[in-house]
Structures are given as structure tokens and as C-alpha cells.
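Participant: Numbered per numbering that gives the first Met the number 0, the sequence shown spans residues 0 to 438. Where is the CB? At the ideal position from N, CA and C, for every residue including glycine.
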Amino acid sequence: MSPKSRGIKRRDFLKGGALGGLGALLGNSIVRTSYAASKERLTILSSISLDTLHPYAYSSSPQYGIWNHMIEPLVEVDYAKKVYYGVLAESWEFQGKKWLFKLRKNVRFHDGNPFTAQDVIYSINRIKNDKQSLQKDNFRDLTEMQALDDNTIVFTTEVPNAVFLDRLQNRYILSKAGMEAQGGESAEQKPVGTGPYRFVSWQRDGNLVLTRHDNYWGNKAAIKEIVFKRVKEDAGRVAGLLAGQGDVINNVPVEELSRFENHPRVRAEKVEGVRMYFLAMNVTHKPFDNKLFRQAINYAVDPSVILKHIYEGNGYIMNGPLGANVIGYDPKIKRYPYDPKKAKGLLEKAGYPQGADVKLYFSPDRYPKAKEVCQVIADQLAKDRDQDRTGFPGIRYFLGQRRSQRRKAAVLLCRPAGRRCGYGLRSILSFRRHSAYSV
Numbered sequence: 000m001s002p003k004s005r006g007i008k009r010r011d012f013l014k015g016g017a018l019g020g021l022g023a024l025l026g027n028s029i030v031r032t033s034y035a036a037s038k039e040r041l042t043i044l045s046s047i048s049l050d051t052l053h054p055y056a057y058s059s060s061p062q063y064g065i066w067n068h069m070i071e072p073l074v075e076v077d078y079a080k081k082v083y084y085g086v087l088a089e090s091w092e093f094q095g096k097k098w099l100f101k102l103r104k105n106v107r108f109h110d111g112n113p114f115t116a117q118d119v120i121y122s123i124n125r126i127k128n129d130k131q132s133l134q135k136d137n138f139r140d141l142t143e144m145q146a147l148d149d150n151t152i153v154f155t156t157e158v159p160n161a162v163f164l165d166r167l168q169n170r171y172i173l174s175k176a177g178m179e180a181q182g183g184e185s186a187e188q189k190p191v192g193t194g195p196y197r198f199v200s201w202q203r204d205g206n207l208v209l210t211r212h213d214n215y216w217g218n219k220a221a222i223k224e225i226v227f228k229r230v231k232e233d234a235g236r237v238a239g240l241l242a243g244q245g246d247v248i249n250n251v252p253v254e255e256l257s258r259f260e261n262h263p264r265v266r267a268e269k270v271e272g273v274r275m276y277f278l279a280m281n282v283t284h285k286p287f288d289n290k291l292f293r294q295a296i297n298y299a300v301d302p303s304v305i306l307k308h309i310y311e312g313n314g315y316i317m318n319g320p321l322g323a324n325v326i327g328y329d330p331k332i333k334r335y336p337y338d339p340k341k342a343k344g345l346l347e348k349a350g351y352p353q354g355a356d357v358k359l360y361f362s363p364d365r366y367p368k369a370k371e372v373c374q375v376i377a378d379q380l381a382k383d384r385d386q387d388r389t390g391f392p393g394i395r396y397f398l399g400q401r402r403s404q405r406r407k408a409a410v411l412l413c414r415p416a417g418r419r420c421g422y423g424l425r426s427i428l429s430f431r432r433h434s435a436y437s438v
């Protein structure tokens, strides 16, 4: 199933009167403009907050979204157009092993220092070399950075790197002078960036307070102050919004959406997301080392049933591992259709005419309703269809959720795409998440 995300440039979002980068904060949803109860303060009841004030000691997308208010990257992605666009970079050229960037002029950090190529070099060196950095792999093949002048920088990689722009996403630029004045590479410092909001205060597992940067190089934000309040429980965020304790919440459970349908003050935004929920097959485990068996599983699972009964219609069916709004999407790729009769034939060809034993593992801590989704898939695989004309044989299953089990699983459900996942899979499940706003 496929997420088709609609992107809104952060600067356009700011012009509309809300805060920049909130789309990234809210995970899969990229939000439309929403006006808070007061332009003086916007209160966000969020399921996540910062883990640290060290801007490189994390690798979490929701935290990238929070940082994006204070510190900015060279480039970002326009998901609607499926192109990269410049933030602190105005333009770039790809020249073999070299990438030449022209930097935006007349940009100043929150401390008043001008933004130059030296700040880029300082920030990326910290990403590469800081002991606490969790982002260093993005620049493992970067061999040299050279400032030709204050507004021109050249990156050199070991070999030509066509995805270097993607590596620069969410790699935020700090003020060299501003950070060194605080003691250099201390773990938790006051971040000094160029973003539309300046850091005010932060409490671990508590509030993060930002104030508008009135000398911002782009469009001035309409709201003066932003307060992020961490509320981990879904029910607590919903109750807080309905009680007027916050203006925005994220990750609204699908079963709660009906509470907002006719509410006079609250609305839910449903936007096609970029996060996919998927079933991954580990090809190093039997019977998934057999290509025909893997194909049979693809034909045997009907994702529309999951969308309808588990997510109440809130999702999109994918044709492959990328959504239509993601750079690299190939419209020629088509998903496996639901065809249990064909699945039965493939199982027989694979040497499993009587079915097989498989294990399904899920991650309830990361993906809502993962267990329910896993159960539906298991039921579809296990159903005895001898009474109809398809005659699909049963596949016996086991459900588990311990991390140690999932690492050894023959099938992994709802794990993020990465190097450890199985390959050759097009049976992808993806569902949009939601956010709600008081208006």
C-alpha cells in the first residue's frame, strides 16, 4: 500500500501563519496552514520531544522536524514536485567527484554572526567527527571540503555520488562562532542557527520553548512563540486538545478521528504520508528463501481488508517500496494483485502443496495496530479455502513481538526499510497518520 505525500514548502507554511517544519515533526503528515487561538503563542501537545540539545546526537525524523525550526540545512525536498530545493544553498553543480554549492547571502545566525562557508565546514566536520554524532555515516565518503569564498563551497567524495543531495537533508548548519563561544563540542549547548525561531529553554521530557527570530532571512513567522509539551499517551493528547490545553496534537489514533468530525473548534487533517507499513520477508530463512513461496505470499494477502477494517479506510495501497511522491518512484512498477488461486499454484510449484509454518513478528512500540494488522495477514494466510474454488492451502503461523524474536524472524512486519530487511518484496502496506488542530 502506498503513501502519497503532498509536500508543502516550509516557507509557504510560514507565510500562512503557522510554524515551519511541523510537517516533519508530525511524522507522515505534512500539514496545511492552521491558525492558533492566539498569534502570540502556539502550544503543541506532541508525542515526542528532544532527547538532547546536541543537534547531531540523534537520527529520528520527528526530532529533525523540531530542530528545523531553529537550525536549517542546505537543501530540502519538495515532495509535491519530487525535487530538491535550496534553503541555505541557492544553487549547486555536480562535477564528477565534486559538488559545488553557492550559499545564500545576507543570512545571519541568531547571535548576529553572518552565515558563511566556514559554518558549513564546521557543522559537517562535527557531524563526521563528534563522538556523540549519530549522523556521521551520511558523510563517510566525503574526503574534502573547500571554501572558495564566504558563499561558495566545494565537497569532494571518494567516487561520484549522485545521492549527495539526499545526504544533506536534515543535516543542519550551526554558527561556528556561536557554538565555540559556548565551549565547542559540549554535549548540550544552546543551539545557534539561522531558523525562523530561536531557542529559549528546554526541559528533558518537558517543555521546549522557541521564540520568533525577527531578523530571519525569509518570511517572518506569524506566531511569536511556540511551546512543545510532551504528552506521550494518545488519549492524553486528544483530551488536552478538546479541553483547550493545546492548539495542535500529532499521531491521532484512527479510532479517535470521529470525535473531531462535527466538533465546532477542532478539525483533523488527513494528508497522504511518506511512512510505509510493510511486510518484509527474510530471505535467509526457510521457506522465504524460495522465490515462488515469496510470490505466493504476495498474491495471498489482500491489503484492502487491512485498510478497511483496521485503519477504517485511512491509508493508501502502494505499488512498490516508494510512494508516488518520493524521488525515485517508478510508475511502471505494479503491485501483485490479490489472487489466492495463483498463490495456491505457486505454493505447489515451490514444493509446499500442503502449506507451511511461518512466523509473523510485529513492533507494537513503533507502529500503531501492528498486532491487529499481523493478525489479519495471518488469518488470510491460514484460512482454509477448500470450500471455495480457489482451494488455497492453510499456512500455519505464530505471532510474537519480543525484539530478540523479531531479529530472528522469518517474517518481519512493520519494520522501517533498511539494509537488514528482506528483498524482492512488493507487498507493501502503508497508512497515513493524522494530526488535529483547534481552530
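Looking at Tyr171: is its Cβ nearer than 7 Å to the Cβ of Pro352?
Facilitator: Position 172 of the sequence shown, counted from the first residue, corresponds to residue 171. Position 353 of the sequence shown, counted from the first residue, corresponds to residue 352. For Tyr171 and Pro352, no; Cβs fall outside 7 Å.
Participant: Between Ser45 and Val230, which are expected to be in contact by the criterion C-beta below 8 Å, what is the C-beta distance as a whole number of angstroms?
Facilitator: What you label residue 45 is simply residue 46 of the sequence shown in a count that begins at 1. What you label residue 230 is simply residue 231 of the sequence shown in a count that begins at 1. Their Cβ separation, rounded to whole angstroms, is 7 Å, which keeps Ser45 and Val230 in contact under 8 Å.
Participant: Tell me which residues share the same chain as Glu371 and place their Cβ nearer than 6 Å to its Cβ, disregarding the 5 neighbours each side in the sequence.
Facilitator: Position 372 of the sequence shown holds residue 371. Cβ within range, chain order: Ile309.
Participant: Distance check for Ala377 and Leu87, CA to CA, integer angstroms please.
Facilitator: Taking the first residue of the sequence shown as position 1, residue 87 is located at position 88. Taking the first residue of the sequence shown as position 1, residue 377 is located at position 378. Distance between the alpha carbons of Leu87 and Ala377 is about 48 Å.
Participant: So, under 8 Å CB-CB, Met69 and Phe198 are touching, yes? Tell me the CB distance rounded to an integer number of Å.
Facilitator: The residue you call residue 69 lines up with position 70 of the sequence shown. The residue you call residue 198 lines up with position 199 of the sequence shown. With 8 Å as the limit, Met69 and Phe198 qualify as a contact, their Cβ atoms being about 5 Å apart.
Participant: So what does Pro113 bridge to, in DSSP terms?
Facilitator: Position 114 of the sequence shown, counted from the start, is the residue given in the question as residue 113. Looking at the DSSP assignment, Pro113 forms a beta bridge with Arg107.
Participant: Under the rule that 16 or more other beta-carbon atoms within 10 Å means buried, what is Asp246, buried or exposed?
Facilitator: Against the sequence shown, residue 246 aligns to sequence position 247. With 16 or more Cβ atoms within 10 Å of its Cβ, Asp246 is classed as buried.
Participant: Fully enclosed by the region 296–322, which alpha helix (DSSP H) runs are 4 residues long or longer?
Facilitator: 302–308
Participant: Helix, strand or coil for Lys228? Go by DSSP, reduced to three states.
Facilitator: As a working note, residue 228 is residue 229 in the sequence shown. Three-state result, Lys228: strand.
Participant: Just confirm the distance between the C-beta atoms of Ala116 and Leu133, as a whole number of angstroms; I'd bet it's less than 8 Å.
Facilitator: Here residue 116 corresponds to residue number 117 of the sequence shown, with the count starting at 1. Here residue 133 corresponds to residue number 134 of the sequence shown, with the count starting at 1. That pair is no contact at about 25 Å.
Participant: Looking at the unbroken alpha helix (DSSP H) that takes in Ser60, where does it start and where does it end?
Facilitator: In the sequence shown, residue 60 corresponds to position 61, counting from 1. Counting along the chain, the alpha helix (DSSP H) containing Ser60 begins and ends at Ser60 to Trp66.
Participant: Taking 6 Å as the limit between beta carbons, can you name the residues of its chain near Phe292, skipping five residues before and five after?
Facilitator: Along the sequence shown, one-based indexing puts residue 292 at 293. Same-chain partners within the cutoff: Pro286 and Ala349.
Participant: Is Gly95 buried or exposed, if buried means 16 or more other CB atoms sit within 10 Å of its CB?
Facilitator: Taking the sequence shown and counting its residues from 1, one reaches residue 95 at position 96. Exposed.
Participant: Residue range of the alpha helix (DSSP H) that Glu347 falls in?
Facilitator: Taking the first residue of the sequence shown as 1, we reach residue 347 at position 348. Note, Glu347: alpha helix (DSSP H), Pro339 to Ala349.
Participant: Determine, using beta carbons only, whether Ser303 comes closer than 7 Å to chain D.
Facilitator: The chain labelled as chain D is not found in the depicted structure, where only one protein chain is given.
Participant: Assign Asp118 to buried or exposed, taking buried as 16 or more other Cβ atoms, counted over all protein chains shown, within 10 Å of its Cβ.
Facilitator: Reading the sequence shown from its first residue, position 119 is the one you call residue 118. Looking at its Cβ environment, which holds 16 or more other Cβ atoms inside 10 Å, Asp118 is buried.
Participant: Assuming Phe163 and Trp216 make a contact with CB atoms under 8 Å, what is their CB distance in whole Å?
Facilitator: Here residue 163 is taken as the residue at index 164 of the sequence shown, counted from 1. Here residue 216 is taken as the residue at index 217 of the sequence shown, counted from 1. With 8 Å as the limit, Phe163 and Trp216 do not qualify as a contact, their Cβ atoms being about 24 Å apart.
Participant: If you count every other CB in all the chains shown that lies within 10 Å of the CB of Ala35, and 16 or more means buried, which is it?
Facilitator: Taking the sequence shown and counting its residues from 1, one reaches residue 35 at position 36. Per-residue confidence for Ala35 stands at a pLDDT of 43, beneath the threshold of 50, marking its modelled position as unreliable; the derived number appears in the next sentence. So Ala35 ends up on the buried side.
Participant: Using the C-alpha atoms, what's the distance from Tyr196 back to Arg211?
Facilitator: Position 212 of the sequence shown, counted from the first residue, corresponds to residue 211. Position 197 of the sequence shown, counted from the first residue, corresponds to residue 196. Each residue's alpha carbon lies about 4 Å from the other.
Participant: Just verifying my parser: in three-state terms, what is the DSSP assignment at Asp77?
Facilitator: Numbered from its first residue, the sequence shown carries residue 77 at position 78. If DSSP states are grouped into helix, strand and coil, Asp77 belongs with the strands.
Participant: Can you check whether the CB of Leu256 is closer than 7 Å to the CB of Ser48?
Facilitator: Position 49 of the sequence shown holds residue 48. Position 257 of the sequence shown holds residue 256. It is not a contact, given that the beta carbons lie outside the stated cut-off.
Participant: I'd like to check one pair, Thr193 with Val106: are the Cβ atoms closer than 7 Å?
Facilitator: As a first step, residue 106 must be located in the sequence shown, where it is residue number 107. As a first step, residue 193 must be located in the sequence shown, where it is residue number 194. In this structure, Thr193 lies closer than 7 Å to Val106 by Cβ.
Participant: Going by C-alpha distance, which of Ala323, Gln294, Val375 and Ile326 is nearest Ala342?
Facilitator: As a first step, residue 342 is located in the sequence shown; it is residue number 343 there, counting from the start. That would be Gln294, whose Cα lies nearest to the Cα of Ala342.
Participant: I'd like the list of long-range same chain contacts for Val375, defined as Cβ closer than 8 Å, with 5 residues on each side in sequence excluded.
Facilitator: For the purposes of this step, residue 375 is taken as the residue at position 376 of the sequence shown. Here the set comprises Val304, Ile305, His308 and Ile309.
Participant: Starting from Ala88 and walking both ways along the beta strand (DSSP E), at which residues does that stretch end?
Facilitator: Numbered from 1 along the sequence shown, position 89 holds the residue referred to as residue 88. Taken as a continuous stretch (DSSP letters only), the beta strand (DSSP E) holding Ala88 covers Ala88 to Gln94.
Participant: Does DSSP put Lys97 in a helix, a strand or coil?
Facilitator: On the sequence shown, residue 97 is found 98 positions in, with the first residue counted as 1. Three-state DSSP puts Lys97 in a strand.
Participant: Name, in chain order, the residues that DSSP records as bridge partners for Asp233.
Facilitator: Taking the first residue of the sequence shown as position 1, residue 233 is located at position 234. Per DSSP, none; premise fails for Asp233.
Participant: To the nearest angstrom, report how far apart Tyr328 and Gly182 are at their CA atoms.
Facilitator: Within the sequence shown, numbered from 1, the residue matching residue 328 stands at position 329. Within the sequence shown, numbered from 1, the residue matching residue 182 stands at position 183. Using only the alpha carbons, I get a separation of about 44 Å.
Participant: Please name the residue in Val282, Lys127 and Tyr337 whose C-alpha comes closest to that of Ala299.
Facilitator: The residue labelled residue 299 in the question sits at position 300 within the sequence shown. Ala299 has its Cα closest to that of Tyr337, out of Val282, Lys127 and Tyr337.
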